[in-house]
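No gaps in the numbering here: position 205 of the sequence shown is 239 in my numbering, and each next residue is one more. In what follows, a structure is listed as structure tokens, so that the remarks can point back to it.
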Amino acid sequence: MTALLEIRSVAVRFGGVMALSGVDLDVQKDSITGLIGPNGAGKTTLFNVICGIRQPTTGVVLLDNKEINGVPTQKRSAMGIGRTFQRLELFTTLSVFDNVLVAAELARVSNPHAVAREQIELLGLTDRTDTIAGELPTGSARLLEVARALAGRPRLLLLDEPASGLDDVETQQLGVLLQQLKSLGITVLLVEHDMSLIMKVCDQIHVLDLGNVIASGTPDQIQHNPSVIDAYLGAVR
């Protein structure tokens, strides 16, 4: 397999605190890759580095073997990086359709109205097209956030805790959606605390703890890694 995203010796310092310390990891094309670890491990900081919200103190980020350090966030989006956030970033007074349409227009895709309808259908939100976003239940709001990210036609989709607030049925549906995105050629990097979902859908998992990658491997390898069990899995089982 070929890496779409490569993180090489990335460190981020906040004053005297190292949020990330020499992180090295790859995300393979056409895969679902998990990024797990305890709160404060540096997962969201790494997402911010990948998206360009924060520049690394040291190290290099490569997309398709091209260094993107210093590339602005908007340009990274145009290069094919999409993202959702832990905290929903919706226009709560706009309809579902208009939320996705705005995202498509900001991404300057051709025929944004068609793209918006396509993503709404893909996410199973067609019956809520005219619903005001602020009136959506949590599960549908999470899906709308994903639809907005997909409206930019990303090659790499960063999902930050998309199962947060979902019930068991909605989480299962999310797992099906992730596999569908993979089949469409969208590479997914997934931060999530729902270990059942992570172990079911991911091809590869990287584990962060205190800003360091302590393990990388398949779901089976990660589940049986003593360091991962001690640092994280033992607390969430």
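Built from N, CA and C at the ideal position, the CB exists for glycine as well.
For L208, the secondary structure class from DSSP, reduced to helix, strand or coil, is helix. The Cβ atoms of L170 and L178 sit closer than 8 Å to each other. Annotation: P72 to I239 spans about 14 Å, alpha carbon to alpha carbon. For N145, there is no enclosing alpha helix (DSSP H), as DSSP marks it with neither H nor E. In this structure, the alpha-carbon of G93 lies about 30 Å from that of H258. DSSP places L231 outside any beta strand (DSSP E); the residue lies instead in the alpha helix (DSSP H), whose first and last residues are 229 to 235. The Cβ atoms of T118 and V180 lie closer than 8 Å to each other. Look at Q62 here: in three-state DSSP terms it is strand. Beyond the five residues adjoining it in sequence on each side, E40 comes within less than 6 Å, by CB distance, of D60, L96 in the same chain, given in chain order.
When the beta-carbon positions are compared, R182 and N145 stay at least 8 Å from each other. Secondary structure note for R47: its beta strand (DSSP E) is the uninterrupted segment 37 to 48.
Residue environment analysis places R162 among the buried positions, since at least 16 neighbouring C-beta atoms fall within 10 angstroms of its C-beta.
Counting every other CB atom within 10 Å of its CB across the protein chains shown gives T160 a total below 16, marking it as exposed. Taken in chain order, the whole beta strand (DSSP E) runs of length 3 or more contained in the stretch 176 to 203 are 190 to 194. The DSSP-derived three-state label of D161 is helix.
Residue pairing for I70: DSSP places it in a beta bridge opposite V241. For K77, DSSP assigns no beta-bridge partner whatsoever. According to the DSSP assignment, I256 belongs to the alpha helix (DSSP H) that extends over 253 to 257.
By alpha-carbon distance to M233, the top candidate from V247, L38, G209 is G209.
In the three-state scheme derived from DSSP, where H, G and I count as helix and E and B as strand, T107 is classed as helix. In its chain, beyond the 5 residues on either side, P188, R189, L190 have a beta carbon closer than 7 Å to the beta carbon of G114. No Cβ-Cβ contact shorter than 8 Å links A197 with E152.
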